Each structure stands twice: as structure tokens, then as C-alpha cells.
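In the numbering used here, the protein residues as written are 39 to 332. Quick reminder that beta carbons are idealized off the backbone N, C-alpha and C, glycines included. Please read all numbers here as calculations on a predicted model, not as lab measurements. Taking it in order: structure first as C-alpha cells, then the write-up.
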Ligand code: RIB
């Protein structure tokens with residue numbers, strides 16, 4: 039039997055509090071929205087669920103609160119087949135993301151709470167789990183020291199690292215050096231490049247550009263992998279879906295360009311439903327979708 043690739047995600051676990059509206063309020067303004075929904079989210083958990091639905095063995099390393107949100111999310115992640123044996127409850131509350139969705143686009147405020155407990159020491163205590171993975175995915179919704187530790191452990195053990203630099207912040211060169219792939223969106227890419235030598239990023243950048251697809255540089259050439267055209271309901275979690283799809287494909291030895299194409303399909307499908315994880319497809323659904331668009 040084919041061995042399932044082992045993907046480890048070190049990252050955030052949030053409860054998404056989503057309001058769907060036709061208009062985003064200005065400062066001091068009160069508006070009526072159309073609908074409210076509570077969905078499990080967080081970039082780390084989203085990426086874990088995306089890869090698990092596609093058939094990888096996924097373990098998530100992170101923290102939740104000892105509250106109702108935390109319990110609900112744990113149950114949900116187990117149902118999704120994500121290994122949560124390294125998700126620990128802490129004394130703070132579970133992180134929340136307040137999300138406003140208007141016209142398919144979103145604005146988000148995250149309160150990190152329990153995610154702040156994913157420190158270097160916490161990650162060090164999960165060393166073995168990271169060291170025995172095929173791929174590590176990290177993002178920036180947990181303390182940077184936790185990200186750095188996870189990447190350091192991965193590097194020492196020859197594990198391929200994908201860093202999704204979201205939300206963007208200043209990153210030390212050593213971290214960039216130890217990462218195999220960086221997956222910023224256009225805005226994050228601009229900030230990532232600031233004050234940085236081009237060579238530092240060379241061959242690592244996979245820039246996600248929504249409906250414009252994905253840009254990579256291979257063999258000294260800029261290459262654009264187009265996005266799939268689809269009716270968008272909600273783009274929340276599209277980037278996370280891309281990262282989950284990319285990781286799955288890379289872990290199976292798929293060449294970078296094709297892995298991005300696969301990630302694009304996963305991302306496109308994820309936008310057809312409201313909520314970050316709701317529309318994330320299974321491997322069979324992606325295959326069917328790609329065939330129908332070939
Ligand atoms: O990338 C989407 C995610 O960002 C949401 O699920 C929300 O939790 C925020 O972290």
C-alpha cells in the first residue's frame with residue numbers, strides 16, 4: 039500500500055466569527071449585516087485540514103483554550119482526520135478571528151490568545167513530531183520564536199519547509215535561509231522584498247495572486263501558473279487551501295510547477311463555499327475538477 043505523506047503544520051487555531059454584509063462599516067458607523075456564522079479557522083488549522091482532506095497524514099502542533107471554542111475545534115479537527123495529539127489546551131482563551139465578508143472579499147482581526155503559547159520551548163517539546171515529517175508548513179499567526187524553532191528542527195532533519203508569511207512581519211535572514219518555499223500574496227511579497235537582497239529569495243518565492251494565479255521563478259525565468267476561473271462566494275482560506283495542496287503535491291514528488299497548478303485547483307474549489315474550510319476539496323474532487331477543466 040502507498041505510504042501516506044506526513045505533513046506537519048505548526049500554527050494557529052482560531053474560531054472564525056464571520057459576518058456577511060453588503061457593506062463594510064466606516065469608523066463610528068453601525069450597519070445591519072446579512073448573516074452570521076461561526077467556523078473553525080486559523081491559518082494553521084486551515085492548512086492542516088486542507089492537506090488532510092487531500093489524503094495526507096497530517097499532524098497539527100498548536101494551542102487552544104480550555105473553553106467551548108477549543109472543545110468544538112478539537113472535535114472538528116479529529117473528524118477531519120487531523121492528528122491533534124500535539125495540540126495542547128492552555129489557560130488563555132482559544133484564538134478568535136472576526137471576519138467581515140463583503141462581495142466575496144474579507145477583512146480580518148485576529149486575537150491570538152492561546153496561539154501565543156506556541157513558543158520556542160513549546161515547539162522544542164514537539165521536536166520528534168517535526169523531525170520525522172516529510173513536509174513542515176508554518177505561518178505567522180503564532181510567535182515568531184515558535185516558527186523559527188520549528189524551521190530550525192526541520193532544517194536539521196532534512197524536512198522540506200513551506201513558510202506562508204501571513205500576516206507579514208519583518209523576518210530574519212536566517213529564517214528565510216532555512217526555508218525551502220515562501221508563499222506570500224502580492225502585498226506580503228512587496229514587504230518581504232523590502233531591504234532584502236534578491237538572492238536571498240531566489241528560487242523560494244511562490245507568489246499567490248488570487249484570480250491572476252501564481253508566480254514562480256524557475257531556471258532564471260518568471261513563470262505564471264494561471265488560476266482556475268470559478269464563481270467565488272468567499273475567498274477566506276483560499277491561500278491556506280493553496281498551501282495545503284502545494285504541500286501534498288510536493289510531498290508526493292510532483293514538480294514545483296505542477297504542484298502549484300494543483301494548489302490553484304484546491305484554492306479555487308475552496309472559494310465556492312462560505313467559510314475557510316467548508317469548500318476545501320478531497321483528492322477525488324480535485325481530480326474530477328482538473329479533468330473537467332483540462
Ligand atoms: O487565512 C484565513 C484565516 O485567517 C481565517 O480562517 C482566520 O482565522 C485568519 O486567521
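Item to complete: State the start and end residues of the unbroken beta strand (DSSP E) segment that holds residue 335.
Response: Summary: the structure shown does not reach residue 335, with the chain confined to residues 39 through 332, and so no result is reported for it.
Worksheet entry | DSSP-derived helix/strand/coil call for residue 16 | Any question about residue 16 goes unanswered here, given that the chain covers just 39 to 332.
Worksheet entry | beta strand (DSSP E) segments (min. 3 residues) lying fully within the region 55 to 141 | 73 to 79, 95 to 103, 121 to 128 and 133 to 140
Worksheet item: Ends of the beta strand (DSSP E) at residue 246?
Response: 244 to 246
Item to complete: Please state whether DSSP places residue 46 in a helix, a strand or coil.
Response: strand
Worksheet entry | Own chain residues within Cβ distance below 7 Å of residue 138, not counting five before or after | 57, 59, 62, 144 and 145
Discussion item. For the ligand RIB, is there any heavy atom lying closer than 7 Å to the beta carbon of residue 274?
Written reply: yes
Worksheet item: Since residue 165 is in the alpha helix (DSSP H), which residue starts that stretch and which ends it?
Response: 165 to 169
Worksheet item: Just reading off the beta strand (DSSP E) that residue 255 is part of, what are its end residues?
Response: 252 to 256
Item to complete: Check whether the region 145 to 155 touches the region 127 to 135, taking contact to mean three or more Cβ pairs, one atom from each stretch, closer than 8 Å.
Response: yes
Practice prompt. Can you tell me the Cβ-Cβ gap for residue 189 and residue 172, rounded? I've got them flagged as a contact below 8 Å.
Written response: Rounded, the Cβ-Cβ distance is 15 Å, inconsistent with contact.
Discussion item. Determine whether the beta carbon atoms of residue 48 and residue 156 lie at a separation below 8 Å.
Written reply: yes
Discussion item. Please identify the residue among 294, 217 and 130 whose C-alpha is closest to the C-alpha of residue 261.
Written reply: 294
Worksheet item: Looking at C-beta atoms only, is the number of pairs between the region 82 to 97 and the region 273 to 288 that lie closer than 8 Å three or more?
Response: yes
Worksheet item: Is the beta carbon of residue 175 less than 8 Å from the beta carbon of residue 314?
Response: no
Worksheet entry | Contained alpha helix (DSSP H) runs [length at least 4] in the region 276 to 312, N- to C-terminal order | 276 to 289 and 294 to 308
Worksheet item: To the nearest whole angstrom, what separates the beta carbons of residue 230 and residue 206, a pair I think is in contact under 8 Å?
Response: 7 Å
Discussion item. I'd like to know whether the C-beta atoms of residue 242 and residue 217 end up nearer to each other than 8 Å.
Written reply: yes
Worksheet item: residue 135: beta carbon under 7 Å from a heavy atom of the ligand RIB?
Response: yes
Worksheet item: Would you say residue 283 and residue 92 are within 8 Å of each other, going by their C-beta atoms?
Response: yes
Item to complete: Classify residue 234 as helix, strand or coil using the three-state DSSP reduction.
Response: coil
Practice prompt. Find the nearest neighbour of residue 257 within the set 250, 263 and 240, judged by alpha-carbon distance.
Written response: 240
Worksheet item: Taking the alpha-carbon positions, what's the residue 185 to residue 128 distance?
Response: 19 Å
Worksheet entry | Close Cβ partners of residue 167 (< 8 Å) along its chain, the five nearest in sequence each way excluded | 46, 97, 99 and 124
Worksheet item: Taking just the CA atoms, how far does residue 221 sit from residue 288?
Response: 14 Å
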